[in-house]
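Chemist: This is the structure, below, for whatever I ask next.
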Amino acid sequence: MHKGRDFLIAQVSNNVMQHRTLLESLEDHEKQAQDARFRELCTRYIPQMRQHQTMIEEYRATLGEAGGEAFKNALGFVLGKAKDVADAVRNDDFLRIVEDIVMIRQAQDTFATFAAAGDRIGEPRLSEIGRTCEKQLDEMQREFNALVQEMFVKNVQQS
Numbered sequence: 098m099h100k101g102r103d104f105l106i107a108q109v110s111n112n113v114m115q116h117r118t119l120l121e122s123l124e125d126h127e128k129q130a131q132d133a134r135f136r137e138l139c140t141r142y143i144p145q146m147r148q149h150q151t152m153i154e155e156y157r158a159t160l161g162e163a164g165g166e167a168f169k170n171a172l173g174f175v176l177g178k179a180k181d182v183a184d185a186v187r188n189d190d191f192l193r194i195v196e197d198i199v200m201i202r203q204a205q206d207t208f209a210t211f212a213a214a215g216d217r218i219g220e221p222r223l224s225e226i227g228r229t230c231e232k233q234l235d236e237m238q239r240e241f242n243a244l245v246q247e248m249f250v251k252n253v254q255q256s
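Residue 256, in my numbering, is where the sequence shown stops; the numbers in between run on with no holes.
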């Protein structure tokens, strides 16, 4: 496991990859969604997620390099492709939105950590990014959860 500055770089790099996967998922689901409400949620949140991606990538660029970055980037690419294969067999909006909620929650947790830890480790920009992104993801998560609950009820009642 990395320590010190390399640990920070590794965690921010992980967040860049994870968040990119969330953004790409929303972009894919915007095109694939059969439910207009799901498509609209994706459309509404994609600009914010792009903004988050830009902020975290720009911050990452300020940190410099750590050992093993080429491997991490390759791993991120492979994980993204595995998600594409999984999506190909999911042609159900309910399963897609559940997948997005899992990624949203993962991003919330990561950004909450950045928000809390950034100031303590002398990285106020990390803390600022964490607070901003966590707050916006909280709102997003509530809306995605409300829709998945509606979909769940509708599917159960269609016996």
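Beta carbons: idealized from backbone N, C-alpha and C, even for Gly. Quantities reported herein were computed from a predicted structural model and do not represent experimental measurements.
Once DSSP output is grouped into helix, strand and coil, what is the label at R239?
Modeler: helix
Chemist: Does the Cβ of G219 have 16 or more other Cβ atoms within 10 Å, making it buried, or fewer, making it exposed?
Modeler: exposed
Chemist: For G215, count neighbouring C-beta atoms within 10 Å of its own C-beta (all shown protein chains included) and say buried if the count is 16 or more, exposed if not.
Modeler: buried
Chemist: In whole angstroms, what separates the C-alpha of A107 from that of H116?
Modeler: 14 Å
Chemist: Would you kindly work out how many angstroms separate the C-alpha atoms of E162 and S122, rounded to a whole number?
Modeler: The alpha-carbon atoms of E162 and S122 are separated by roughly 27 Å.
Chemist: Have a look at F135 and L119 and give me their C-alpha separation to the nearest angstrom.
Modeler: 15 Å
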